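The numbers in numbering that gives the first Met the number 0 rise by one with no breaks, and the one at position 39 of the sequence shown is 38. Every residue, glycine too, gets a C-beta built ideally from N, C-alpha and C. Please read all numbers here as calculations on a predicted model, not as lab measurements. Before any comments, here is the structure.
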Amino acid sequence: MDNTTQSSILFRLMQDVGLGTDTEICQYMYLGHLISLLEKKKYYVKRKKEFPDMREKEIPHRFLFTEFTIPNGKLSAEQVDRSKRKSESIHNFEKVSSALLTSCWTERITENILMWERGKDEDKPRVCIKSCIGDFVKAFEAMDFTIWCGKMLYEPFYPVLMSDDIIWYKEPYFSDEREIRFYFSKDFDRVAPDDGIDNHIDLPVDIQTLIHEIILSPDAPKQDKENVLRLIEPYNITVTSSKIETNQIDNQ
């Protein structure tokens, strides 16, 4: 199911979804987060429950229902017991899932206006950083973590699957994201949260290894590019402006 490689930290790659260490990935973030990353040389990772989108921080609610009946139908005692046990298992795992340290990327390596627009805040310009799975892992200094990497699946989920598999599923309407997700786990054999830290962690990282390229958002002011260029001066990293045209055409 997975391929284990030894890097600066333990790394487990879910092989059955067509990923490799050379798979190119992108992450969209606020400019302020990038500046903090460049200044502190620390990568910010937060627990899934801290995500602003409720649909992201929780597992899809449809996964919580394991039995159903037709109108006026009745579940057998065995079905009720099985449903109760399965629902309790999934509810318990949802609590565990929400505490996972999570980093979200996309395998879309060309710009996407929907990705730029998602989470857009007029007062918080956005940027996109490019990397690859292998360099993302190698960029971190040795630490007591296992990084689990997998491609999010946008397919129907059936309760016969292990509840642990839920962390790799999202609702189908998110499918355009083509998300690649990293979980930072203290357990090598399964994805598990670390209860000994706060709701986020700043991990020391090698900037040159982590970032291959920086793209500024379509509406980024000229000053933003100047600030980024100043901060990456010690590195051999390309900074470009978005090639997406956002100028609106007036209807006459």
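Check: Who are the Cβ neighbours of H211 in its own chain at under 6 Å, not counting the five residues just before and after it?
Finding: For the purposes of this step, residue 211 is taken as the residue at position 212 of the sequence shown. K129, S130.
Notebook entry, point to check: Per DSSP, V238 forms a beta bridge with which residues?
Noted result: Looking up residue 238 in the sequence shown gives position 239. BP columns for V238 point to I213.
Next item on the list: Return the Cβ separation of L74 and S86 in integer angstroms, given the expectation that the two are a contact with Cβ distance under 8 Å.
Entry: Residue numbering aside, residue 74 sits at position 75 when the sequence shown is read from its first letter. Residue numbering aside, residue 86 sits at position 87 when the sequence shown is read from its first letter. Taking the Cβ atoms as the reference, L74 lies roughly 12 Å from S86, outside the contact range of under 8 Å.
Checklist line | Residue interval of the beta strand (DSSP E) (run including M114) | finding: Numbered from its first residue, the sequence shown carries residue 114 at position 115. For M114, there is no enclosing beta strand (DSSP E); the enclosing alpha helix (DSSP H) has its first and last residue at 112-116.
Check: Once you ignore the five residues that flank G133 on each side, which residues in its own chain have a CB closer than 7 Å to its CB?
Finding: Counted from its first residue, the sequence shown places residue 133 at position 134. Result list for G133: T20, D21, in chain order.
Notebook entry, point to check: Roughly how many whole angstroms lie between the Cα atoms of R84 and S35?
Noted result: Numbered from 1 along the sequence shown, position 85 holds the residue referred to as residue 84. Numbered from 1 along the sequence shown, position 36 holds the residue referred to as residue 35. Within the model, the alpha-carbon separation for R84 versus S35 is close to 45 Å.
Next item on the list: Just the C-alpha distance for T145 and L30, rounded to the nearest angstrom, thanks.
Entry: Here residue 145 is taken as the residue at index 146 of the sequence shown, counted from 1. Here residue 30 is taken as the residue at index 31 of the sequence shown, counted from 1. Approximately 28 Å, taken between the alpha carbons.
Notebook entry, point to check: Which one of E38, L202, P203, P51 has the shortest CA to CA distance from P233?
Noted result: On the sequence shown, position 234 is the one that residue 233 refers to. Among E38, L202, P203, P51, the Cα nearest to that of P233 belongs to E38.
Next item on the list: Just confirm the distance between the C-beta atoms of I112 and E23, as a whole number of angstroms; I'd bet it's less than 8 Å.
Entry: Counted from its first residue, the sequence shown places residue 112 at position 113. Counted from its first residue, the sequence shown places residue 23 at position 24. Here I112 is actually not in contact with E23; their C-beta atoms are around 19 Å apart, not less than 8 Å.
Note to self: By the DSSP assignment, the beta strand (DSSP E) with S130 in it spans what residues?
What the structure shows: Here residue 130 is taken as the residue at index 131 of the sequence shown, counted from 1. For S130, the uninterrupted beta strand (DSSP E) segment begins and ends at 125-131.
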